[in-house]
Amino acid sequence: MVAGIGDDPVQLLSDLIACASVTPEEAGALGVLEAALQPLGFVVNRLRFEGDGSYPVDNLFATRGTGGKRLLFAGHTDVVPPGDLADWTSDPFVPRLADGKIFGRGAADMKSGIAAFIGALANIPAEAGTIALAITNDEEADAVNGTAKLMAWARDNGHEFDFAIVGEPGSTAQLGDSIKIGRRGSFSGRIIVHGVQGHVAYPDKANNPLPVLAAIVTALDQQQIDSGTPHFPASNLEFISIDVGNPTSNVIPATGTARFNIRYNDLWTPETLTNWANEQIASIANCGCAIQFEVAATPSRAFLSPIGAEVESLREAILSVTGRRPDLSTGGGTSDARFIANYCPVVECGLVGTSMHKSDEHVAVADVTGLSAIYGAFMGRYFGL
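Position one of the sequence shown corresponds to residue 108 (the working numbering), numbered consecutively onward.
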């Protein structure tokens with residue numbers, strides 16, 4: 108057994124909560140992790156990435172071992188802002204233990220997952236195999252200078268991985284009742300209809316774009332994109348805004364804009380969805396208006412990890428600790444696992460996340476130690492200990 112600062116996951120979680128690491132300020136959180144990992148034999152790299160239209164971000168990549176099976180753990184130390192402090196029982200960046208729970212911003216999402224994994228490492232001998240941690244402070248916002256660049260850096264520096272776990276809070280109601288083997292993609296689009304501005308009393312001298320925009324919105328809203336796949340629900344399109352920017356009651360506007368988001372399954376890619384959207388818009392009857400479609404922001408691709416021996420070993424590890432075999436899920440939004448899926452199979456396994464992003468965010472202390480036990484049991488199976 109190797110003892111270190113991080114062998115108590117609850118204390119490590121408390122130390123991390125005390126760092127007000129609202130994206131992109133890491134506020135000492137990566138230093139806490141470095142201090143916990145170095146006594147366990149890890150070589151720690153602190154990496155700052157910047158550019159590509161986003162803010163600079165500090166990241167951490169740590170490795171131990173050079174042979175055998177190669178396991179990656181990934182997570183993020185950044186948290187969302189706490190919001191109105193009056194809604195909190197106590198300071199969100201002062202960890203508070205009460206009623207068997209630990210409170211603080213980031214307790215659920217997802218400093219607990221990192222603390223639990225590092226806590227489990229104390230019982231894994233250094234010669235077992237290769238273990239790496241990729242920790243970013245840019246998951247909750249732009250996600251430009253975080254995990255995507257961290258993984259590319261690792262690849263360029265000769266690091267390869269056989270399997271990865273992301274410590275996001277993926278349990279539904281009880282610890283270990285669900286793990287995520289994939290995630291839907293996210294695709295956002297913008298439709299702009301150009302008409303001719305004019306006086307509402309003289310519609311013959313104008314061309315109102317809004318009925319055309321309304322027809323497009325109705326047509327897309329009524330379309331069934333697909334029927335789902337064995338591991339994913341049907342893809343879903345939701346309009347999130349219809350904007351005209353016209354405060355005047357007697358002017359026909361020149362343009363109207365609608366924005367939508369599609370959460371899509373593994374039948375689609377951003378490229379095929381772009382074609383689908385253009386085909387649907389083109390099917391609207393000729394109206395004399397110019398219709399423009401744009402892909403908004405950078406799409407997130409769907410991914411599904413193979414259900415192989417590693418996933419089954421993780422399920423067996425969870426069963427051994429909780430007495431329950433977890434469901435396999437692809438629900439929820441996006442996560443940084445989408446970047447890791449390009450390099451190796453990846454699953455998400457963490458705590459119950461019902462309080463994440465809320466005031467008085469918290470997790471059960473027993474769940475933190477339980478998750479650490481799950482990670483330890485999995486690594487024992489994975490490395491054949």
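We treat Cβ as the ideally placed atom computed from N, Cα and C, and that holds for glycine.
Under the assumption that LEU317 contacts ALA222 (Cβ atoms under 8 Å), give the Cβ distance between them as a whole number of angstroms. If you number the sequence shown from 1, residue 317 lands on position 210. If you number the sequence shown from 1, residue 222 lands on position 115. Not a contact, Cβ separation roughly 53 Å.
Could you check the C-alpha separation between ALA444 and ASP311 for me, to the nearest Å? Locating residue 444 in the sequence shown gives position 337, where the first residue counts as 1. Locating residue 311 in the sequence shown gives position 204, where the first residue counts as 1. In a straight line, the C-alpha of ALA444 is about 54 Å away from that of ASP311.
Taking buried to mean at least 16 other C-beta atoms within 10 Å of its own C-beta, is ALA143 buried or exposed? Indexing the sequence shown from 1 puts residue 143 at position 36. Its Cβ being crowded by 16 or more others within 10 Å, ALA143 is buried.
Just confirm the distance between the C-beta atoms of ALA271 and CYS451, as a whole number of angstroms; I'd bet it's less than 8 Å. As a working mapping, residue 271 is identified with position 164 in the sequence shown. As a working mapping, residue 451 is identified with position 344 in the sequence shown. Going by Cβ atoms, the distance from ALA271 to CYS451 rounds to 5 Å, so yes, they are a contact pair.
Could you pull out every residue in the same chain whose Cβ sits closer than 7 Å to the Cβ of PHE224, ignoring the five residues on either side in sequence? Position 117 of the sequence shown holds residue 224. So the list reads PHE180, GLY274, TYR482, once near-sequence residues are dropped.
Can you tell me where the alpha helix (DSSP H) holding ASN385 begins and where it ends? Translated into positions along the sequence shown, residue 385 becomes position 278. It spans 377 to 389 - the alpha helix (DSSP H) in which ASN385 sits, taken as one unbroken run.
Within 10 Å of its beta-carbon, does GLU78 have 16 or more other beta-carbons around it, so buried, or fewer, so exposed? Since the first residue of the chain shown is 108 and the last is 492, residue 78 is not available in this structure.
If I measure Cβ to Cβ from PHE200 and keep anything under 8 Å in the same chain, skipping five residues before and after, which residues do I get? Counted from its first residue, the sequence shown places residue 200 at position 93. For PHE200, the CB contacts under 8 Å within the same chain, skipping 5 residues up- and downstream, are ILE124, ALA125, CYS126, ALA127, PRO189, GLY211, ARG212 in chain order.
Please work out which residues of its chain come closer than 8 Å, Cβ to Cβ, to ASN244, disregarding the five sequence neighbours upstream and downstream, and give them in chain order. The residue you call residue 244 lines up with position 137 of the sequence shown. Closer than 8 Å at the Cβ level, and outside the excluded window around ASN244, lie SER128, THR130, PRO131, GLU132, GLU133, ALA136, LEU137, VAL164, ASP165, ASN166, HIS183, THR184, ASP185, GLY253.
Less than 7 Å between the C-beta atoms of LEU458 and LEU478, yes or no? Position 351 of the sequence shown, counting from 1, holds the residue named residue 458. Position 371 of the sequence shown, counting from 1, holds the residue named residue 478. Yes. Within cutoff.
Is the CB-CB distance between PRO428 and ALA473 below 7 Å? On the sequence shown, residue 428 is found 321 positions in, with the first residue counted as 1. On the sequence shown, residue 473 is found 366 positions in, with the first residue counted as 1. Here residue 428 turns out to be Val, not Pro, going by the sequence shown. It is not a contact, given that the beta carbons lie outside the stated cut-off.
Since MET217 and ILE447 should fall inside the 8 Å C-beta cutoff, what is the C-beta to C-beta distance between them, to a whole number of angstroms? Counting from one through the sequence shown, the residue named residue 217 turns up at place 110. Counting from one through the sequence shown, the residue named residue 447 turns up at place 340. Their Cβ separation, rounded to whole angstroms, is 14 Å, which puts MET217 and ILE447 out of contact at 8 Å.
Looking at C-alpha atoms only, which residue of GLY283, LEU192, SER295, VAL187 is the closest neighbour of GLU401? Here residue 401 corresponds to residue number 294 of the sequence shown, with the count starting at 1. Checking every option, the nearest Cα to that of GLU401 belongs to SER295.
Find out if the Cβ-Cβ distance for the pair ALA471, GLY207 is shorter than 7 Å. Taking the first residue of the sequence shown as position 1, residue 471 is located at position 364. Taking the first residue of the sequence shown as position 1, residue 207 is located at position 100. Result yes, Cβ atoms of ALA471 and GLY207 sit closer than 7 Å.
Given GLN330, which residues of its chain have a CB within under 8 Å of its CB, disregarding the five upstream and five downstream residues? Counting from 1 along the sequence shown, the entry for residue 330 is found at position 223. Counting only Cβ-Cβ distances below 8 Å, and skipping sequence neighbours, we find LEU344, GLN387.
Own chain, CB closer than 6 Å to SER334, minus 5 neighbours either side, in chain order: To locate residue 334, count along the sequence shown from 1; it is residue 227. Hits under 6 Å: ALA341.
Measure the C-alpha to C-alpha separation of ASP328 and VAL300 and round it to an integer number of angstroms. The count along the sequence shown starts at 1 and reaches residue 328 at position 221. The count along the sequence shown starts at 1 and reaches residue 300 at position 193. When rounded, the distance between both Cα atoms is 17 Å.
Relative to the alpha-carbon of SER197, which residue among SER466, ILE288, GLY289 has its alpha-carbon at the smallest distance? For the purposes of this step, residue 197 is taken as the residue at position 90 of the sequence shown. It is SER466.
ILE347, buried or exposed, once every other Cβ within 10 Å from all chains shown has been counted against 16: The sequence position of residue 347 within the sequence shown is 240, counting from 1. Burial call: exposed.
Going by the CB atoms, is the gap between PHE156 and GLY289 shorter than 7 Å? In the sequence shown, the residue the question calls residue 289 occupies position 182. In the sequence shown, the residue the question calls residue 156 occupies position 49. Contact flag unset, no.
For ASP350, which option in HIS464, THR362, VAL358 has the closest C-alpha, if you only look at C-alpha atoms? If you number the sequence shown from 1, residue 350 lands on position 243. The residue with the shortest Cα to Cα distance from ASP350 is THR362.
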